[in-house]
Amino acid sequence: MIVAGTRLAGKVDQSSAGYVVTRFVHVWFVPLVPLSSWFVTDAGARSIPFSLKSAFVGYARGFGVVAALGGGGGFLYYLIFEFYNRFEIYQRGGAAVTEDELVGHVVFLAVLGVLAVAGLVVFLLTRLLTKASAVRCAELSRATGLNVTPL
């Protein structure tokens, strides 16, 4: 089953009146193609000029989650089903695995671990980009006709 369509992602520039999001074409909730940006309030949403910041955050969060889950899942699978068996054979003096192959497996595990951590860090760092500055609030006020003030 493939889940695809459009959805809002990349929530940024939170203010007293609302926040900015970008509408994306997505597949399995991972944003692929940005379509338009919107200022969302309690009363509804208003179209605004395209926000690169919102699109960047939408991509970063989507692909950060994919990297964290893929890297973490791959790390655990490889550690449990591949590396452990080969390491045990190597420790018992078996000829099935050479030292160079074992080093290659350790490097592969390290790459998967770094991918998982990097994806998580990118996802968490995007939380720092959510508040709107006074300058951005002034821009949003002009674009929407609302009184937008910083939090």
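For the sequence shown, the numbering used here assigns the number -11 to the initial residue and increments by one for each residue that follows. Idealized CB from N, CA, C, for every residue including glycine.
When we look at the beta-carbon of residue i and count the other beta-carbons within 10 Å, is it buried (16 or more) or exposed?
i: Leu139; result: exposed
i: Leu112; result: exposed
i: Asp88; result: exposed
i: Ala31; result: exposed
i: Gly6; result: buried
i: Leu116; result: exposed
If I follow the unbroken alpha helix (DSSP H) through residue i, where does it start and stop?
i: Leu108; result: Glu87 to Leu113
i: Gly133; result: Here Gly133 belongs to no alpha helix (DSSP H), and DSSP marks it neither H nor E.
i: Lys41; result: Leu40 to Tyr65
Assuming residue i is part of the beta strand (DSSP E), what are its boundary residues?
i: Gly32; result: Gly32 to Ile36
i: Ser24; result: Val18 to Thr29
i: Arg11; result: Gly6 to Val15
i: Thr(-6); result: Ala(-8) to Val0
Indicate whether residue i and residue j have their beta-carbon atoms separated by less than 7 Å.
i: Pro19; j: Gly58; result: no
i: Lys(-1); j: Val(-9); result: no
i: Val25; j: Ser3; result: The displayed chain sequence assigns Ser, not Val, to residue 25. No, these two residues do not count as a Cβ contact at 7 Å.
i: Leu108; j: Ala56; result: yes
i: Ala120; j: Asp1; result: yes
i: Phe69; j: Leu100; result: no
What residues in its chain sit with their C-beta under 6 Å from that of residue i, if we drop five residues either side in the sequence?
i: Ala(-3); result: Phe12, Pro19 and Gly46
i: Ile36; result: Ser25, Phe27 and Ala131
Consider the Cβ of residue i: report whether some Cβ of chain D lies at a distance smaller than 7 Å.
i: Val28; result: In the structure shown, chain D does not exist; there is a single protein chain.
If you drop the 5 nearest sequence neighbours on each side, which residues of the same chain put their C-beta closer than 7 Å to that of residue i?
i: Thr137; result: Ser3, Ser4 and Cys125
Residues in its own chain within less than 8 Å of residue i by CB, not counting five upstream and five downstream?
i: Thr114; result: Val45, Ala48, Arg49 and Gly52
i: Leu67; result: Leu97
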